[in-house]
Amino acid sequence: MNSEVAHIDINEKWCKGCGICIAFCPAKVLVAREDGKAAVANIEACTRCGLCELRCPDYAISVGGKQHASTN
Amino acid sequence: MNSEVAHIDINEKWCKGCGICIAFCPAKVLVAREDGKAAVANIEACTRCGLCELRCPDYAISVGGKQHASTN
Amino acid sequence: MSVKELVERYCRTSKLPHIWCPGCGNGIIMGAVMRALDKADIDQDKTVIVSGIGCSSRAPGYMNFDTLHTTHGRALAYATGVKMANPDLNVVVLTGDGDCSAIGGNHLIHAARRNINLTVVVFNNSIYGMTGGQYSPLTPTHSYATTAPYGSIDRNFDLCKLVQAAGGTYVARGTTYHTRQLVDQIVAGLGHNGFSFIEVITQCPMYFGRKNKFPSAVDMLKWQQEHAVPVKAAAKMTSEQLAGKFLIGELYHEEAPEYTAVYEKEVIAKARGEVK
Amino acid sequence: MSVKELVERYCRTSKLPHIWCPGCGNGIIMGAVMRALDKADIDQDKTVIVSGIGCSSRAPGYMNFDTLHTTHGRALAYATGVKMANPDLNVVVLTGDGDCSAIGGNHLIHAARRNINLTVVVFNNSIYGMTGGQYSPLTPTHSYATTAPYGSIDRNFDLCKLVQAAGGTYVARGTTYHTRQLVDQIVAGLGHNGFSFIEVITQCPMYFGRKNKFPSAVDMLKWQQEHAVPVKAAAKMTSEQLAGKFLIGELYHEEAPEYTAVYEKEVIAKARGEVK
Amino acid sequence: MPVPTERKAQLLSGNEACVQGAIAAGVRFFAGYPITPSTEIAEGLAVELPKIGGKFIQMEDEIASMGAVIGASLAGLKSMTATSGPGFSLKQENIGFAALTEIPCVIVNVQRYGPSTGLPTSPAQGDIMQARWGTHGDHPAIALMPASVREAFDLTVQAVNLSEELRTPVILLMDEVVGHMRERVELPATDEITVVNRVKPTEDPEHFLPYKPGPNLVPPMPAFGDGYRFHVTGLVHNETGFPSGKGKDGNILVRRLLAKIEQRQPSIAQAELYQADDADIVIVAAGSVARSARAAVKEARAQGLKLGLVRPITAWPFPAEAINSVATTAKAMIVAEMNLGQMIIEVERAACGRVPVIGLNRIDAELITPQDIIARAQEVTKNVR
Amino acid sequence: MPVPTERKAQLLSGNEACVQGAIAAGVRFFAGYPITPSTEIAEGLAVELPKIGGKFIQMEDEIASMGAVIGASLAGLKSMTATSGPGFSLKQENIGFAALTEIPCVIVNVQRYGPSTGLPTSPAQGDIMQARWGTHGDHPAIALMPASVREAFDLTVQAVNLSEELRTPVILLMDEVVGHMRERVELPATDEITVVNRVKPTEDPEHFLPYKPGPNLVPPMPAFGDGYRFHVTGLVHNETGFPSGKGKDGNILVRRLLAKIEQRQPSIAQAELYQADDADIVIVAAGSVARSARAAVKEARAQGLKLGLVRPITAWPFPAEAINSVATTAKAMIVAEMNLGQMIIEVERAACGRVPVIGLNRIDAELITPQDIIARAQEVTKNVR
Amino acid sequence: MKKLELRLSGFGGQGLITAGIILAEAAILDGNNAVQSQSYGPEARGGASKAEVIISNEEIDYPKVGEADLCLAMSQQACDKYAAQTRPNGILVVDSGLVKNIPEFPGRIYAVPITEIATSEVGRGIVANIVALGVINGITNIVTKESLETAVLDRVPPKTKDLNKKALKAGYQAAQKVLQREGE
Amino acid sequence: MKKLELRLSGFGGQGLITAGIILAEAAILDGNNAVQSQSYGPEARGGASKAEVIISNEEIDYPKVGEADLCLAMSQQACDKYAAQTRPNGILVVDSGLVKNIPEFPGRIYAVPITEIATSEVGRGIVANIVALGVINGITNIVTKESLETAVLDRVPPKTKDLNKKALKAGYQAAQKVLQREGE
Ligand SMILES: Cc1ncc(C[n+]2csc(CCOP(=O)(O)OP(=O)(O)O)c2C)c(N)n1
Ligand SMILES: Cc1ncc(C[n+]2csc(CCOP(=O)(O)OP(=O)(O)O)c2C)c(N)n1
Ligand code: SF4
Ligand code: SF4
Ligand code: SF4
Ligand code: SF4
Ligand code: SF4
Ligand code: SF4
Ligand SMILES: [Mg+2]
Ligand SMILES: [Mg+2]
């Protein structure tokens, strides 16, 4: 569990709604809007693992707050 | 040792005098003429191994008599 | 570095968003390349990105470096000229499976043979995306493609094996799913003084996916997740366990004389009579 | 069969003597190919010999078959067309190290990948003979050539390894010195239903020899004799003992679906609705 | 064997019609490498060929495709490839081989905007001169330029026929507009189509000279495997087919290669004349541009401006006679093409100074419009009168 | 830097002089693939380039060579390749790339007998039209045809200079005779040679537009690594260098590519006139054939037959003015070439019907002789008078 | 009807190319001539999509559509771009669910929630293109109803025939509605 | 001397190309013009070899040798082929050790055992080409003795300078001999 609440920023213009960030967020933080684009549903759960950011093909999602937790 | 005397035929027109047959005849049957082309010097020693024939790049030497002895 | 800073620094932001389809892996790989360049702390003004032709080969156009978008299949030939002419430049080649293994196959094996210091990242989506979904030399046998309406009968290359056999000295395979590892593989490639080759398994949901029962990019990433086996793990697995899987990680690594350095040290020095 | 009968039957005798230099290995290899074709009992009217361009590639002109002397490097592409169009033909490709591994490298790896039933014999004299002695991708590093006046810095391919990695299913290496074994290797290649590849180490006394301190063809054959190690023998040798040597014999063999047969069985049958 | 078809109106693209034409003409081998805007031809033949036992192969590149096509033709199948500019450039060396060794084959080039990668999906007619001069050395060339979907079918058949009859590579020089547009077309029924097959030798193999020309200057051609054991080489050769190394044989050979086309020039070279007899201004236009020109002729005539059209169907050999026939009656000619002036070179030579020849060139990736042509014609009228 | 040389008479071949010319002009990168009769150029540069820190690389084929040359030029070195017919055909796609992207580079084509493998060691001039039209799409072309060893040197320098000045590929179109013959030559001293270097941008990277044309319609060109971070693509692009996808940008770009040559045409197009002013019959001949023509002029004049010579030095742009200048004074022109009629096409266009233009063509692998020319001239004289 | 030029525009995946082909095929079934063309290239990848159809009872020479007689716009972007390339007295049909701002246009405008109809009335968003065909033909009667239905059924997967029939019908109904509204 | 055309013929490995080059270079040292050309190609591989030299004090336009003024034939094959391509009043020099049958030739014929001289008198068969140069120049004086020697020494490996000087001298002597014999 993370002590600080993360901040997720989604660039609506760039997001193409592929669903990758949503499907592979280990903490199920993200959901799809009606038009398919990503939205934050559950920010508290975010571990700031950074995977959504790394995998977004469109550089549309970014994880703010503290540095990414290291995952492996 | 072979019981029968072999017959070596050298096609003078085709022989280019490379010396391969001469150098690698296991029985030292062949020699170089003045112009470099191959000639038979010592037919008695021939084992009919067929190597000269196999290696002649110009199909200029052929081994007659009985079938080739198998070598390996 | 956050993705925003990354994009700000290494992208030609005015060109974004890119032309790639929703869910296309090309953006993920381009992101990984930029992250790796950043991690490797390269000099942005001394780095050249070269590509051929294909969806993937459009990447350099978005990247804030000296960039060269060549003819189809010839990226490595051009890159060889760039590197030979100025060995101080970092030369990175971004190419597609078709670009580098079909029409460009010869340049690939020869660049590998020379062990010239280029870092090659292959966007392997198992298809010709740009031209609309024909099979490539990396399309798995029995897959469907517009030119394989009855299923492809071509055997596909193991491109990493081929590059290694050709003489490549750093060979790795990654995926768009295993993004973090991918970044590290590219960093290692950039750091390697010789021919570095990183094959990245990626998704073309538009053509490969549609033709081969992957409804979405997510399904394709799931497939990667399930079928990729890290080399270390594989060492402990039986061949039955490995059937149908593919290896990821560093597959080969060797230190060997680098071409442009040897040219300097041997050819030029000898020609000038400095050594014999 | 005596050499006279051999030549009478399989050569276009009016074209002999051939143009090759004294001591050139091309004649030895062509002889081995004819002996192998004879031993394999092929149908002379159903056999096509294809080559590219080079000294070695002149061989088909002397051979009494349907023969095709194509453009430089493209023999395998043409041969692929011949075989696809009529799978009943035996298709043998005679090619040089330059022809098949430099300009033709891509066709080589792709033909191997498809595992199309062609028998490829490479006349590897480590040089471009026809054009007067430039280095080839198979010229050993540090050798001299007209375009490597200071010694070649290019690393050479292990072509057998490359072809195997590309997908070739029968791979062997022979020499012009080990002629008898060479014939058997070619016979095995002809018998193999798939892509067969036989690399033959041969001598170009005219250019490679002259530039690299081999005064004669005989010296070059002696070098072969001393440096070739049969695979079986090699298995029992240490890596020090093997340093500087090269392997001969069958290096790889695998049975795998052959391209034209699969085309018939899968593509045509599916298209006709005979299978799905 | 394809089942006899019936005439039926359908909607097809030029590329699709080309596929149908190839099948109808007896093409049974296709090797290619995908490239826009020709890809649908490969895709279509990948579906159709195996149905009739034919072979489709996607090669590693265009060079290999051209090589495979030549090999397959030698093995006895009618063979074809399709490409566009960049691939056409790559095929040139092997096209020269096919020309010199007289191997029948068809190369479809669906022209796109060049040079280089250019605008891959946009139309142009920039390869007309390349179709004639793209490979090194003197060589024969035939290139056909369809203007409609129906013609894409017909000229594909004709390309195959000419290549088989004359043992020479034939180029089908489409443009992107014709290749990609779909239109209503009625394809001819099978029995309405003439199919030409290469002539095979009648001598026994002993007496056979593979490059001894027949009556049309064309040598009969056996297939590999027919028992003739003949040699094919890109080197200069004599009638035996073996390299001769002699200039005089080159002279005989290369002159014959050109002559076999030239002596058939009157029947090969084709042009369509539309209202050209009494035209004050004749538009010369080929391929898709000719459609605009036809529209322009109609519209202009309605406005009282007497336009006419000469539409070269063969780019090569160029139908100089058709140009000639109007060069004395017209007051001016306008050569409309989607390039910076290629066909106009031949028109000028044919017109030979007898009539002003004016270029109308667009290279902005748009099809020249009827309005473009009418506007230019009005301008010219002013200056000519 | 090469040490200043002095004039000294020596025996050199055309190929060797080309090597010297390349070094003198500042070529520092060569990538090639051996092919007769050009190989000595590669071999010579393999020896010479590393001596002055330059780079020589033998690539896997001609396509790769051309690619490497373009890459090296972008990295800032003057770059060159050399080949002959088959290799020239293979290079065409990448030559088109260099043309569109405006990368300076020189392609030497030592012409041999074609088409296809032809007669690899025999002379011909069969690639003149290919030098203009070999790649797809409309594109600029400059091609220079040396007639002597000295000129092989001079035109190599000039080819490099033109390519650097105009940012365009330039072709040195030698023929086997000139490439292989050795003759007495005095090469100019270093200080007698003009060397042109590409113009670099002066703006800072922020404001730099890589394809914004300078005064000569040529955009200044930084090297990779200079900090400009620019993009180069074979797609149609606008001044930013980025692909535009727009036909109107293609129109601007491709027209400019041709215009930058065309507007310099008067200074680029060159021809030598020899006793042409008062000639009854003017021979038009280039490369080695012009030597025969010169001998023929001398010999014929001695016999009382007034011959003259126009020797195009640039095949492209074609020196039409030189032809024009004699088209009204001469009674006939004979175009002598070792092909079946290529340069004659341009001569005819230039002469424009004002004077009969007759071809004298040999394709039997022999250099046209002075006697051939005199004989034809005598024939023509009979018919003209 | 002598000659009618239509432009169907929107984004990739909406099936506009297929719609164009069906329309052309219907025209052929009617015994008329038809030419169809479309946009290719990167801009056709995921992004914009455009099909053009010319229908005529005479020969069709020039095959491109300049100013269209009818423009269907199924995206805001398409509408912004192509409304202006329509004849001033022509027809503009927009998917009112996707095109929020209709640009200035002098001709007749019909705003129909095409995609919404497909989703909610027909039950599958994917048949929006067929709904659109119903709308267009309902408004213009360029082709006979029979031919259009035949053409649709010839092109779609057998299993979806009913769905597509339904879509076509829904389109016709929507056309009726907007025409009536206009009549009001 | 205004213009002299020579043809040196024999087989590959005899050094005839080098001989031709040396001769041309000697002419240049004399201040004259010279053009040298040679045969290439498969026929030059192991087989026949041919070098042609034109020397003139004027410009040399046409660079090929048609009928030669002098023909050196160092093989039977070469002699059979090229004797006929020599001017009727020209000179034919043959290596008498290699050319056994001298064809009909109207001009002057000099038969010199060139290779034999190189082997036995000079000591190395490889310098036969230099011997030949001595012979030719001894007969014709086309170039000055000094220039020829300089040209020879410029082209040969430093270590073989003496050998080549000796070869040249032997050639001159042989020329003296045949000329004397002719004089007799
Ligand atoms: C010489 C040439 N041949 C063919 C093409 C057409 N073409 C463009 S991209 C491409 C294949 C691209 O496949 P890949 O490299 O896998 O890239 P992707 O689009 O899948 O990323 C082809 C065949 C071309 N541009 N040039
Ligand atoms: C396209 C093309 N490039 C180059 C050449 C020149 N060329 C002819 S043979 C050859 C190399 C031959 O080498 P290899 O295949 O090893 O044959 P070898 O002569 O050594 O037997 C080259 C470069 C050519 N004929 N065509
Ligand atoms: S940072 Fe990790 S946990 Fe947080 S939203 Fe992204 S993927 Fe989910
Ligand atoms: S991964 Fe990126 S593009 Fe895809 S849904 Fe998430 S934010 Fe949008
Ligand atoms: S057969 Fe054997 S032993 Fe006899 S000569 Fe030949 S090589 Fe020597
Ligand atoms: S191997 Fe053949 S060519 Fe060589 S010397 Fe012996 S017989 Fe003669
Ligand atoms: S077609 Fe495939 S590879 Fe190309 S952008 Fe779309 S998803 Fe990516
Ligand atoms: S040059 Fe070399 S490869 Fe060619 S024939 Fe002579 S020895 Fe053989
Ligand atoms: Mg791909
Ligand atoms: Mg070789």
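Chains as they are written, first to last, in this note's numbering: chain A, 25 to 96; chain B, 25 to 96; chain C, 7 to 282; chain D, 7 to 282; chain E, 527 to 911; chain F, 527 to 911; chain G, 2 to 185; chain H, 2 to 185. For each residue, glycine too, the CB sits at the ideal point set by N, CA and C.
Asked                                                                                                                    : Found
Inter-residue Cα distance where the pair is Ile133(D) and Asp82(B)                                                       : 21 Å
Proximal residues to Trp38(B) (C-beta, below 7 Å), its chain only, five neighbours per side dropped                      : Asp82, Tyr83, Ala84
Contact list for the stretch 121-151 of chain D against chain C, Cβ threshold 8 Å                                        : Asn121, Pro143
Minimum Cβ-Cβ distance from Gly174(C) to chain E less than 8 Å                                                           : no
Every unbroken alpha helix (DSSP H) within the stretch 769-834 of chain F, with a cutoff of 4 residues, ordered by chain : 773-788, 791-794, 814-828
Neighbour flag for Thr759(E) against chain J, beta carbons, 8 Å                                                          : No chain J appears in the structure shown, which is made up of the protein chains A, B, C, D, E, F, G and H.
Chain F within 8 Å of Pro155(D), Cβ atoms only                                                                           : yes
Separation of Gln37(H) from Leu626(E), as counted between CA atoms                                                       : 32 Å
Short-range partners of chain A found in the stretch 38-67 of chain C, where Cβ spacing is below 7 Å                     : none
Reference Ala685(F); option with closest CA among Glu732(F), Val634(F), Asp730(F)                                        : Val634(F)
Given His113(D) as reference, the closest of Ala91(D), Gly87(D), Phe129(D), Pro93(D) once Cα atoms are compared          : Gly87(D)
Cβ-based neighbour list, Ala63(A), same chain, cut-off 8 Å, excluding 5 preceding and 5 following                        : Ile34, Leu54, Val55, Ala56, Arg57
Interface flag, Tyr213(D) vs chain C, CB-CB below 8 Å                                                                    : no
Residues near Trp842(F) in its chain [Cβ-Cβ closer than 7 Å; skip 5 each side]                                           : Ala657, Arg658, Ala667, Ile668, Ala669
Cβ pair count under 8 Å reaching 3, the stretch 816-823 of chain F against the stretch 765-780 of chain F                : no
Neighbour-count burial assignment, Gly830(E), 16 or more Cβ in a 10 Å radius                                             : exposed
When Ile578(E), Ile549(E), Asp752(E) are compared against Leu600(E), the one with the closest alpha-carbon               : Asp752(E)
Straight-line gap, Cys76(A) to Lys228(C) (C-alpha atoms, nearest Å)                                                      : 15 Å
Whole-angstrom C-beta distance between Ile44(B) and Ala223(D), which should lie under 8 Å                                : 6 Å
Touch test, the stretch 750-764 of chain F against the stretch 726-739 of chain F, Cβ-Cβ under 8 Å, three pairs minimum  : yes
Contacts of Ser648(F) in chain D (Cβ-Cβ under 8 Å)                                                                       : Those within 8 Å of Ser648(F) in chain D number zero; the least Cβ separation is about 15 Å.
C-beta atoms of Glu709(F) and Val675(F) nearer than 8 Å                                                                  : yes
Bounding residues of the alpha helix (DSSP H) (the contiguous stretch that carries Asp898(F))                            : 896-910
Chain-ordered neighbours of Val810(F) on chain E, where CB pairs are closer than 8 Å                                     : The contacting residues do not exist; Val810(F) stays about 16 Å from chain E at best.
Alpha carbon of Tyr98(D) to alpha carbon of Gly200(D), nearest angstrom                                                  : This sequence places Val at residue 98(D); Tyr is not what is there. Approximately 12 Å between the Cα atoms of the pair.
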